[in-house]
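Numbering (the numbering used here), first residue to last: 873 to 1210.
Written out below as structure tokens is the structure these notes cover.
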């Protein structure tokens, strides 16, 4: 953080009445946001630093208000300054579901809580009553193209050609057109155990500022085919059955069809994002998850509903492989991107 940003942060802390608070910076995540824990006279709060132009604090404030109205546990915002990108929010502690799982807590119990929260959210009649963008094909393919624009150049050592990119888009278009019309709801978009917390014996959600209106399967797949953590097929099937049992009027076959398509799209996107985090942002820590993501993607492509994309991959005649950190990042950056 540069000196001017630090000064702005200290002014905001003072304006909130927290001058003199001990400030502990948390380990950064994949975004440009930074979090700092404040401790002052026995009180604790979290300072969110969302630099304008890189992060959208307005969306976080809007979504927090909406989730509270829906009865979903998430951090309370004590004060925010949209112009500077700072917010003082409730400190929910450190008990993410990831940490609870690492401590040996019951996996089925925790995933059941997460699924029950999703089902309740998707059953809520007001969940989609918020002015957000839609997960249409333009959004769908923009995300899927992260694979050809970032991951593929890191594997082939060359920029993805225009024709290859166009064929990729057309393959996904055919698949997307084959999706049966389905319900739309609030999609949090990054729903996994790193962003779920135990707070006051409740399940709380984090990192929802990029929400859209779209298919309910997206967050289910995000949770059960987690890019950062192995989830067994048995647990995935059990949790999918639980979710369907809590929803009314959902066709199981259509739901699983959507899961396959949206899951593959997400895995292609995440492979690109994790590669971009290293090439563009100098964050190699996420590369270790790429083999897992590629495994999900290859498993998905065994389903014939993904035949157009599967054929595109076969025509490439390359092996999907981990991204090596020994490559020249500067040279890759010149060959990557849309």
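The beta-carbon is built from N, C-alpha and C at its ideal position, and this holds for glycine as well.
Q | DSSP three-state assignment for residue 1086, whether helix, strand or coil | A | Counted from its first residue, the chain shown places residue 1086 at position 214. Three-state DSSP puts residue 1086 in a strand.
**Q.** Where the beta strand (DSSP E) through residue 1296 begins and ends
**A.** The requested residue 1296 is not part of the displayed model; the chain covers only 873 to 1210.
Q.
Classify residue 924: buried if its beta carbon has 16 or more other beta carbons within 10 angstroms, exposed otherwise.
A. Taking the first residue of the chain shown as 1, we reach residue 924 at position 52. With fewer than 16 Cβ atoms within 10 Å of its Cβ, residue 924 is classed as exposed.
Q. Per the contact definition of three or more C-beta pairs closer than 8 angstroms, is the segment 1027-1040 in contact with the segment 1068-1080?
A. In short, these stretches do not touch, since the Cβ pair count stays below three.
Q. Do the segment 1109-1125 and the segment 1134-1147 touch if we need at least three Cβ pairs shorter than 8 angstroms?
A. Contact between the segment 1109-1125 and the segment 1134-1147 is absent, because fewer than three Cβ pairs lie under 8 angstroms.
Q. Looking at the structure shown, is residue 1156 part of a helix, part of a strand, or coil, going by DSSP?
A. Reading the chain shown from its first residue, position 284 is the one you call residue 1156. Here residue 1156 sits in helix by DSSP.
(Q) Using a Cβ-Cβ cutoff of less than 6 angstroms, which residues in the same chain neighbour residue 1135 once the five nearest sequence positions on both sides are dropped? (A) Translated into the one-based positions of the chain shown, residue 1135 becomes position 263. Same-chain partners within the cutoff: 1093, 1097 and 1172.
Q | Host beta strand (DSSP E) of residue 1208 (start-end) | A | Stepping through the chain shown from its first residue, residue 1208 is reached at position 336. Residue 1208 -> no beta strand (DSSP E), and no H or E assigned at all.
Q) How many angstroms separate the CA atom of residue 1187 from the CA atom of residue 1112? A) For the purposes of this step, residue 1187 is identified with residue 315 of the chain shown, where counting begins at 1. For the purposes of this step, residue 1112 is identified with residue 240 of the chain shown, where counting begins at 1. Pairing residue 1187 with residue 1112, the inter-Cα distance amounts to about 33 angstroms.
Q. Ends of the beta strand (DSSP E) at residue 1074?
A. As a first step, residue 1074 must be located in the chain shown, where it is residue number 202. Start and end: 1074-1077.
Q.
Residues in the same chain with beta-carbon distance under 6 angstroms from residue 897, minus the five sequence neighbours each way, listed in chain order, please.
A. Numbered from its first residue, the chain shown carries residue 897 at position 25. Within the same chain, and ignoring the five residues on either side of residue 897 in sequence, the residues whose Cβ sits closer than 6 angstroms to its Cβ are 908.
Q: Output yes or no for whether 7 angstroms exceeds the beta carbon distance between residue 1194 and residue 1156.
A: Position 322 of the chain shown, counted from the first residue, corresponds to residue 1194. Position 284 of the chain shown, counted from the first residue, corresponds to residue 1156. The beta carbons of residue 1194 and residue 1156 sit no closer together than 7 angstroms.
Q | Residue interval of the beta strand (DSSP E) (run including residue 1173) | A | If you number the chain shown from 1, residue 1173 lands on position 301. Premise fails: residue 1173 is in no beta strand (DSSP E) and is neither H nor E.
Q) From residue 963 to residue 917, what does the alpha carbon distance come to, in whole angstroms? A) The residue given as residue 963 occupies position 91 in the chain shown. The residue given as residue 917 occupies position 45 in the chain shown. Residue 963 and residue 917: Cα-Cα distance of roughly 5 angstroms.
Q | Beta-ladder partner(s) of residue 996, from DSSP | A | Within the chain shown, the letter at position 124 stands for residue 996. Answer is none; residue 996 lacks a bridge partner.
(Q) Considering just the uninterrupted stretch of the beta strand (DSSP E) at residue 1147, what are its terminal residues? (A) The residue you call residue 1147 lines up with position 275 of the chain shown. Premise fails: residue 1147 lies in the alpha helix (DSSP H), 1124-1151, not in any beta strand (DSSP E).
Q: In angstroms with no decimal places, state the Cα-to-Cα distance between residue 1026 and residue 1033.
A: In the chain shown, counting from the first residue as 1, residue 1026 sits at position 154. In the chain shown, counting from the first residue as 1, residue 1033 sits at position 161. So the two alpha carbons sit approximately 14 angstroms from each other.
Q. Would the segment 1044-1052 and the segment 1005-1014 be scored as touching if the rule is three or more Cβ pairs under 8 angstroms?
A. The segment 1044-1052, when compared against the segment 1005-1014, does touch it at the 8 angstroms Cβ threshold.
Q: Taking the CB atoms as reference points, tell me whether residue 1192 and residue 1166 lie closer together than 7 angstroms.
A: Start at 1 with the first residue of the chain shown, and residue 1192 comes out as number 320. Start at 1 with the first residue of the chain shown, and residue 1166 comes out as number 294. For residue 1192 and residue 1166, yes; Cβs fall inside 7 angstroms.
Q: Kindly indicate which three-state DSSP category residue 948 falls into: helix, strand or coil?
A: Here residue 948 refers to the residue found at position 76 of the chain shown. Looking at residue 948 - three-state DSSP - the assignment turns out to be coil, as it is neither helix nor strand.
Q. If you run the structure through DSSP and keep just helix, strand and coil, what is residue 1006?
A. Start at 1 with the first residue of the chain shown, and residue 1006 comes out as number 134. Strand at residue 1006.
Q) Hey, quick one: how far does the alpha helix (DSSP H) through residue 1181 stretch, first residue to last? A) Numbered from its first residue, the chain shown carries residue 1181 at position 309. Its alpha helix (DSSP H) spans residues 1179-1188.
Q: Using the DSSP secondary-structure output, state which residues sit across from residue 877 in a beta bridge.
A: Translated into positions along the chain shown, residue 877 becomes position 5. In the DSSP output, where bridge partners are listed per residue, residue 877 has none listed.
**Q.** The alpha helix (DSSP H) enclosing residue 1045, as first and last residue numbers
**A.** Against the chain shown, residue 1045 aligns to sequence position 173. Unbroken alpha helix (DSSP H) run through residue 1045: 1034-1049.
Q: With a threshold of 16 other CB atoms inside 10 Å of the CB of residue 974, please say whether the residue is buried or exposed.
A: On the chain shown, residue 974 is found 102 positions in, with the first residue counted as 1. Result: exposed.
Q) The alpha helix (DSSP H) with residue 933 in it runs from where to where? A) One-based indexing of the chain shown puts residue 933 at position 61. Unbroken alpha helix (DSSP H) run through residue 933: 929-941.
Q.
Among 1023, 874, 935 and 959, whose alpha-carbon lies nearest the alpha-carbon of residue 1205?
A. Position 333 of the chain shown, counted from the start, is the residue given in the question as residue 1205. Comparing Cα-Cα distances from residue 1205 to each of 1023, 874, 935 and 959, the minimum goes to 1023.
Q | Nearest to residue 1049 (by Cα), restricted to the options 881, 998 and 1178 | A | As a first step, residue 1049 must be located in the chain shown, where it is residue number 177. Looking from the CA of residue 1049, the closest CA among 881, 998 and 1178 belongs to 1178.
Q) With distances taken between CB atoms, is the gap from residue 957 to residue 922 smaller than 7 angstroms? A) Reading the chain shown from its first residue, position 85 is the one you call residue 957. Reading the chain shown from its first residue, position 50 is the one you call residue 922. The answer is yes: Cβ separation under 7 angstroms.
Q. Going by the CB atoms, is the gap between residue 1058 and residue 1000 shorter than 7 angstroms?
A. Looking up residue 1000 in the chain shown gives position 128. Looking up residue 1058 in the chain shown gives position 186. The criterion of a C-beta distance shorter than 7 angstroms is satisfied by residue 1000 and residue 1058.
Q.
Once DSSP output is grouped into helix, strand and coil, what is the label at residue 1029?
A. Along the chain shown, one-based indexing puts residue 1029 at 157. The answer is coil: DSSP assigns residue 1029 none of H, G, I, E or B.
Q | Inter-residue Cα distance where the pair is residue 1201 and residue 1151 | A | Here residue 1201 refers to the residue found at position 329 of the chain shown. Here residue 1151 refers to the residue found at position 279 of the chain shown. So the alpha carbons of these two residues sit roughly 5 angstroms apart.
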